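Residue numbers (this note's numbering): 1 to 548.
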């Protein structure tokens with residue numbers, strides 16, 4: 001049974017410049033081992049690719065159980081033309097294979113869906129791998145960067161096109177293209193993706209088509225219930241109720257208990273540590289309350305499922321204004337202003353400039369902890385800043401939002417987050433995959449880019465070298481890249497270490513592949529390698545200055 005973390009919402013005292021961890025640091029990989037890993041990544045993109053021709057593979061959904069592996073329907077938006085979609089499929093796979101497909105139109109009330117399935121996307125996309133056999137929202141941004149790094153511009157642009165299609169037909173960039181994800185999005189990185197594609201292609205016509213959808217996506221996040229009036233910052237929020245189907249059926253442990261059954265037992269056991277147990281457990285039935293299910297769904301929109309960052313199993317998420325989300329929305333406002341500038345739509349640029357200036361001031365007011373030297377989440381219920389140290393404190397550096405003084409304070413805290421294998425997700429061990437001792441490629445990548453941006457090159461390169469060394473060593477040992485790593489144990493083996501959510505470590509793995517390519521380039525390790533340039537050998541890849 002999961003125990004409440006010993007460090008309950010507490011920032012560990014700053015190291016005040018203590019030296020970085022040096023024990024068990026792996027040897028930096030040889031050029032030959034790096035070359036073998038890069039070759040694996042290049043070849044893996046094809047295996048992770050999905051599209052109309054791979055529809056038989058794409059409908060498989062391991063999260064819903066063996067009985068649904070081959071029987072899931074494909075849903076199309078009610079705003080789509082069903083005969084047109086049928087013709088598209090027939091042209092791609094032939095009339096014979098069409099007989100095995102079940103195309104259905106989404107009902108207006110998506111809560112009436114009685115059989116979950118795949119959501120139609122008209123082009124190719126990339127899945128993370130393992131049990132994740134669909135296109136994920138924030139994963140796709142990092143994957144696009146990795147594809148651009150290898151010159152696969154058409155494939156990267158296709159990812160952006162599928163995200164824009166989702167905004168047009170499904171209302172937002174979804175967590176992923178399954179019907180049970182229709183009620184929530186993912187951390188908003190679409191502006192970054194659109195600008196990365198534009199800088200790689202110079203296609204102003206495409207950029208002009210993308211702009212209204214980019215702005216529609218922005219408003220998904222900046223009106224209630226995502227927006228909290230008065231404070232004018234946003235939170236994560238799922239529009240559906242009840243248990244999440246992919247969790248209820250896809251995260252069963254060796255004892256036959258799913259996530260919600262484990263959650264019920266652990267909440268009951270930890271009742272003395274909770275603000276109000278009746279908020280989460282119905283006192284008359286002992287069952288999880290509707291609020292618990294809604295909070296569990298909403299924390300999954302953050303991508304950080306599961307952590308202790310937003311309270312017990314992230315269940316306080318509806319009360320919390322996250323620094324990560326609002327930093328990304330600031331970056332989206334900046335990016336929309338940039339897009340309008342590129343398109344000479346300067347009449348409204350000032351509106352967006354005023355928005356990001358106001359948000360920057362609000363972020364500093366609510367999230368910056370001067371004493372700790374960190375950006376921390378804000379609890380709207382208690383009107384106070386949380387003290388849970390988390391790697392998203394580096395995101396304002398990545399985005400270019402932090403002041404020089406703030407960046408200096410955060411850089412001084414790097415040793416607290418460092419492990420032999422890179423940057424830890426948090427400073428608290430909770431038994432959750434998004435906490436210590438685990439580390440994730442996107443969090444390491446964003447911290448490295450943020451530190452580099454503000455001139456902390458030594459710290460940035462040290463983190464990059466450690467993470468790349470661990471990933472490469474584990475690739476040499478297993479022949480695979482994984483979604484997460486134990487940065488203290490220096491291994492991809494997480495067996496017995498995760499007590500919440502799914503206990504596995506999925507191979508593939510889309511964003512790890514991509515971020516490792518970016519970090520290798522940052523470290524100057526790709527110059528002597530024969531990096532495949534699929535679309536054109538002359539393509540101008542996005543430089544680090546692209547992030548500004």
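Ideal Cβ positions, reconstructed from N, Cα and C, are used throughout, including at glycine. Keep in mind the model is a prediction, meaning the values are calculated, not measured.
Coil, strand or helix - residue i by DSSP
i: residue 2; result: With a pLDDT of 37 at residue 2, under the threshold of 50, the modelled position of that residue is not reliable, and the figure given next carries that caveat. Three-state DSSP puts residue 2 in coil, outside helix and strand.
i: residue 418; result: strand
i: residue 384; result: strand
i: residue 320; result: strand
i: residue 287; result: coil
i: residue 176; result: strand
i: residue 310; result: coil
i: residue 507; result: strand
i: residue 32; result: helix
i: residue 211; result: helix
i: residue 250; result: helix
i: residue 99; result: coil
i: residue 428; result: coil
i: residue 281; result: strand
i: residue 125; result: strand
i: residue 271; result: helix
i: residue 223; result: coil
i: residue 198; result: helix
i: residue 455; result: coil
i: residue 256; result: coil
i: residue 120; result: coil
i: residue 292; result: helix
Through-space distance from residue j to residue i, alpha-carbon basis
i: residue 239; j: residue 84; result: 30 Å
i: residue 241; j: residue 282; result: 16 Å
i: residue 396; j: residue 402; result: 5 Å
i: residue 299; j: residue 138; result: 14 Å
i: residue 544; j: residue 519; result: Low per-residue confidence applies at residue 544: pLDDT is 37, beneath 50, and the placement is therefore not dependable enough to give any value.
i: residue 509; j: residue 474; result: 13 Å
i: residue 246; j: residue 130; result: 14 Å
i: residue 169; j: residue 190; result: 16 Å
i: residue 44; j: residue 471; result: 16 Å
i: residue 271; j: residue 284; result: 15 Å
i: residue 428; j: residue 111; result: 37 Å
i: residue 506; j: residue 304; result: 16 Å
i: residue 151; j: residue 524; result: 17 Å
i: residue 421; j: residue 466; result: 5 Å
i: residue 3; j: residue 253; result: Note on residue 3: pLDDT 40, under 50, position unreliable in the model; the coordinate value appears next. Roughly 17 Å between the two C-alpha positions.
i: residue 310; j: residue 316; result: 5 Å
i: residue 416; j: residue 115; result: 47 Å
i: residue 529; j: residue 86; result: 44 Å
i: residue 365; j: residue 444; result: 26 Å
i: residue 36; j: residue 98; result: 39 Å
i: residue 196; j: residue 266; result: 44 Å
i: residue 314; j: residue 410; result: 24 Å
i: residue 491; j: residue 485; result: 6 Å
i: residue 338; j: residue 24; result: 44 Å
i: residue 48; j: residue 124; result: 10 Å
Cβ-Cβ separation, residue j to residue i (assumed contact under 8 Å), whole Å
i: residue 171; j: residue 218; result: That belief does not hold up - the Cβ atoms of residue 171 and residue 218 are roughly 13 Å apart, past 8 Å.
i: residue 72; j: residue 117; result: 4 Å
i: residue 122; j: residue 74; result: In fact, because the Cβ distance is near 12 Å, the residues do not count as touching under 8 Å.
i: residue 329; j: residue 359; result: 7 Å
i: residue 447; j: residue 394; result: 4 Å
i: residue 53; j: residue 95; result: The pair is not a contact, with the Cβ atoms about 14 Å apart (cut-off 8 Å).
i: residue 511; j: residue 107; result: At roughly 33 Å, the Cβ-Cβ gap does not stay under 8 Å, so residue 511 and residue 107 are not in contact.
Status (buried if at least 16 other CB within 10 Å, exposed otherwise) for residue i
i: residue 81; result: exposed
i: residue 495; result: exposed
i: residue 276; result: exposed
i: residue 278; result: exposed
i: residue 78; result: exposed
i: residue 27; result: exposed
i: residue 1; result: With a pLDDT of 34 at residue 1, under the threshold of 50, the modelled position of that residue is not reliable, and the figure given next carries that caveat. Flag for residue 1 reads exposed.
i: residue 65; result: exposed
i: residue 287; result: exposed
i: residue 501; result: buried
i: residue 344; result: exposed
i: residue 392; result: buried
i: residue 229; result: exposed
i: residue 418; result: buried
i: residue 538; result: Only weak support exists for where residue 538 lies, its pLDDT of 32 falling under 50; the coordinates are left without a value.
i: residue 166; result: buried
i: residue 188; result: buried
Proximity test, residue i beta-carbon vs the ligand NAP heavy atom, cut-off 8 Å
i: residue 471; result: Here there are no bound small molecules, and the ligand NAP is not part of this structure.
For this session: Any chance you could list the beta strand (DSSP E) runs of at least 3 consecutive residues sitting entirely within the region 49–77, in chain order?
Result: 74–76
Problem set entry | Inside the region 137–172 only - alpha helix (DSSP H) runs reaching at least 4 residues | 137–149, 153–170
Exercise. What are the uninterrupted segments assigned as alpha helix (DSSP H) that are 4 or more residues long and contained completely in the region 314–370, given in chain order?
Worked result: 323–342, 349–367
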